[in-house]
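S.K.:
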Amino acid sequence: MADEGLSVDQGIRTLLLLMPRMAGRLKRLPIPEQLRSFSLAPRHLSLLAYLLFDGPMPVNELARLLQVAPATVSLMVGDLSRQGVLERREDEQDRRRTIVSIAEQHRDDVDAWLSAGARAWRKALEPLTPEQRQLVVETLETYEREAAAERP
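Just so you know, the sequence shown maps onto residues 1 to 152 in full-length UniProt numbering.
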């Protein structure tokens with residue numbers, strides 16, 4: 001099928017069937033036993049993924065990456081910090097900023113939670129050229145943006 005290409009309608013039909021399976025698989029991602037008591041939600045998944053893959057960062061940077069208000073991230077960070085999932089510390093270069101990181105005792109659990117998805121994406125993206133990877137990411141971002149715009 002890849003050699004022949006897809007018409008727009010064939011691509012739409014294929015993706016309309018594929019996307020619910022992908023979403024269902026994401027919803028069934030088991031939260032590691034050690035993290036279950038923390039009431040983690042899908043919104044926490046993105047925040048934890050940034051901290052796991054990109055390392056500790058300021059609240060404002062997390063807000064920019066997550067495309068939400070800094071106050072929203074501050075609330076999530078505060079909640080997860082009180083539960084011991086995240087750690088906050090003062091930025092040594094600018095004491096007004098707070099640096100957020102995953103608590104060391106939960107790092108392996110968070111990694112285990114996210115690693116299956118990361119491995120699947122790696123297997124899907126590695127064979128592609130950097131330009132093809134960019135196209136895949138931009139296509140998914142466009143879909144998400146347009147689907148959100150369609151909702152009242």
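Ideal placement from N, C-alpha and C gives every residue a C-beta, glycine not left out.
Note that this is a predicted model, so its numbers are computed, not measured.
With a threshold of 16 other CB atoms inside 10 Å of the CB of residue 121, please say whether the residue is buried or exposed.
M.R.: With fewer than 16 Cβ atoms within 10 Å of its Cβ, residue 121 is classed as exposed.
S.K.: Just to confirm, is the Cβ distance from residue 101 to residue 51 under 8 Å?
M.R.: Going by C-beta atoms, residue 101 is nearer than 8 Å to residue 51.
S.K.: Specify, as a first and last residue, the run of the alpha helix (DSSP H) that residue 131 falls within.
M.R.: Element bounds for residue 131: 130-150.
S.K.: Does the structure place the region 9-21 close enough to the region 63-82 that three or more beta carbon pairs sit under 8 Å?
M.R.: No, the region 63-82 is not in contact with the region 9-21.
S.K.: Name the one or two DSSP bridge partners that residue 58 has.
M.R.: For residue 58, which the question treats as bridged, DSSP gives the partners 99.
S.K.: Name the two residues that bound the continuous alpha helix (DSSP H) containing residue 87.
M.R.: Segment 86-90 is the beta strand (DSSP E) holding residue 87; no alpha helix (DSSP H) there.
S.K.: Compute the beta-carbon to beta-carbon distance between residue 47 and residue 106, rounded to the nearest angstrom, for a pair I have assumed lies under 8 Å.
M.R.: About 13 Å; that fails the 8 Å criterion.
S.K.: Going by Cα to Cα distance, which pick from 25, 37, 73 and 54 is closest to residue 111?
M.R.: Comparing Cα-Cα distances from residue 111 to each of 25, 37, 73 and 54, the minimum goes to 54.
S.K.: Using the three-state DSSP reduction, which class does residue 105 fall into: helix, strand or coil?
M.R.: Here residue 105 sits in helix by DSSP.
S.K.: Could you compute how far the alpha carbon of residue 88 sits from the alpha carbon of residue 6?
M.R.: Answer to the nearest angstrom: the Cα atoms are 49 Å apart.
S.K.: Counting only the same chain and skipping the five closest in sequence on each side, list residues whose C-beta sits under 8 Å from that of residue 144.
M.R.: Cβ within range, chain order: n/a, list empty.
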